[in-house]
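Structure, as structure tokens:
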Amino acid sequence: MATHVITGAGSGIGAAVARRLHERGDDIVLHARDAGRAKELAAAFPGAKTLVGDLSDPGKLSWALSHQSLPDRVDSLLHIAGVVDLGPVGDLTPKTWTNQLNVNLVAPAELTRLLLPQLRVAQGQVLFVNSGSGLNAHAGWAAYGASKHGLKALADALRQEEHANGVRVTSVYPGRTASPMQAKVHQQEGKAYDPAQWIDPESVATTILMALDLPRDAEVNDLTVRPGR
Ligand SMILES: NC(=O)c1ccc[n+]([C@@H]2O[C@H](COP(=O)([O-])OP(=O)(O)OC[C@H]3O[C@@H](n4cnc5c(N)ncnc54)[C@H](OP(=O)(O)O)[C@@H]3O)[C@@H](O)[C@H]2O)c1
111 MATHVITGAG
121 SGIGAAVARR
131 LHERGDDIVL
141 HARDAGRAKE
151 LAAAFPGAKT
161 LVGDLSDPGK
171 LSWALSHQSL
181 PDRVDSLLHI
191 AGVVDLGPVG
201 DLTPKTWTNQ
211 LNVNLVAPAE
221 LTRLLLPQLR
231 VAQGQVLFVN
241 SGSGLNAHAG
251 WAAYGASKHG
261 LKALADALRQ
271 EEHANGVRVT
281 SVYPGRTASP
291 MQAKVHQQEG
301 KAYDPAQWID
311 PESVATTILM
321 ALDLPRDAEV
331 NDLTVRPGR
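When we follow our numbering, the leftmost residue of the sequence shown carries the number 111, and every step to the right adds one.
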């Protein structure tokens, strides 16, 4: 049975992906920011294992994981957690830059580094949930866009490095998706939020599962998903 390590499983896109994999009986290891959140996730997904570590402090992830039991093999590592804070460059402070770069870029790189041995054993797959902002940056989106452009670079380099080890690497670039993150974006943009206007997280989950379930003769490198309305 496949083992998936998932970040961001408590909300939005990550919760939809975790539900689908849990329902079909795969083993899921859910990453949580702290022990309290891990307890909530374990209750929501009976039988799931949890891993605790704050992605906003990637320098401590290695220490945190060294005190927890890791799976022997990892068939997929799904980087779905993320944060956004909009603002013009003229207003963005180093704290706002650093938090988004840490959670959206440095922590995925560090978690990947720490789980690469288990991914190689399984000839597994690393999947990064990126964003349209990882391909084009717009006014007000500098810090988030930079973190996601960096995430694209991380994925592209990792793919070349790990191909010989049989590890597949996929980036998914969703457009606006109805989730608590999108509600925050609307609030920061000063716009009314209507979730029905945006992609359902279940549809992004469907694309992610398609990339995971593709037979091993092929690899989805990059997948852009835009609102259909
Ligand atoms: N929504 C969109 O329109 C959209 C569009 C394109 C790309 N994306 C990307 O899709 C991914 C999922 O977004 P979403 O919309 O589902 O967001 P969301 O509903 O806000 O969920 C974000 C998840 O990230 C976790 N997280 C945030 N900071 C963390 C930290 N320091 N340590 C551990 N976990 C942390 C959250 O944990 P808690 O549950 O504990 O808060 C939550 O589970 C993100 O990478 C986002 O950039 C979203």
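Beta carbons are placed, not taken as given, at the ideal position from N, Cα and C, and that holds for glycine.
This structure is a prediction, so every number in the text was calculated from the model and none was measured.
Give me whichever residues DSSP pairs with residue i in a beta bridge.
i	result
proline 284	Val335
serine 179	In the DSSP output, where bridge partners are listed per residue, serine 179 has none listed.
serine 186	His114 and Gln235
arginine 278	Gln235
aspartate 137	Thr113
Would you give the residue range spanned by the alpha helix (DSSP H) that residue i belongs to?
i	result
lysine 258	252-272
glutamine 313	A quick correction: the sequence has serine, not glutamine, at residue 313. 311-323 is the extent of the alpha helix (DSSP H) around serine 313.
asparagine 209	204-211
Could you check what DSSP says for residue i in three-state terms: helix, strand or coil?
i	result
arginine 223	helix
lysine 159	strand
serine 243	helix
alanine 191	coil
alanine 142	strand
serine 289	coil
leucine 165	coil
arginine 147	helix
glutamate 329	coil
serine 172	helix
glycine 197	coil
lysine 301	coil
alanine 125	helix
histidine 132	helix
alanine 217	helix
alanine 340	No information on residue 340 is available, as it lies outside the stretch 111 to 339 that the chain covers here.
For residue i, which residues from the same chain have a beta carbon less than 7 Å from its beta carbon, with the 5 sequence-adjacent residues on both sides left out?
i	result
tryptophan 207	Ala253
threonine 317	Val282, Leu333 and Val335
valine 199	Ala252
alanine 315	Ile123, Ala126, Val127 and Arg130
proline 168	Asn212, Val216, Ala217 and Glu220
serine 257	Gln210, Leu211, Asn214 and Leu215
Report all residues from its chain with a CB closer than 6 Å to the CB of residue i; omit the five preceding and five following residues, and keep chain order.
i	result
histidine 189	Thr117, Pro218 and Phe238
glutamate 329	Arg278
proline 305	Ala288
valine 231	Arg183
histidine 259	Gly244
histidine 141	Thr117 and Leu161
valine 213	Leu165, Ser166 and Val193
glutamate 133	none
aspartate 185	Ala112, Thr113, Ala232 and Gly234
arginine 143	Asp164
I'd like to know whether the C-beta of residue i is nearer than 8 Å to at least one C-beta of chain B.
i	result
glycine 146	Absent from the structure is chain B; it holds one protein chain and no more.
Apart from the five residues just before and just after residue i, which ones in its own chain have a Cβ nearer than 8 Å to its Cβ?
i	result
proline 181	Thr113, Val115, Asp137, Val139, Lys159 and Gln228
leucine 324	Val330
**Study point:** Segment contact, 8 Å Cβ cut-off, at least three pairs: the stretch 233-250 with the stretch 160-179
**Key:** no
Check your understanding: Within the chosen definition, does the stretch 191-211 reach the stretch 145-152 through at least 3 CB pairs nearer than 8 Å?
Key -> no
**Study point:** Given 8 Å, three or more beta-carbon pairs between the stretch 303-311 and the stretch 261-268
**Key:** no
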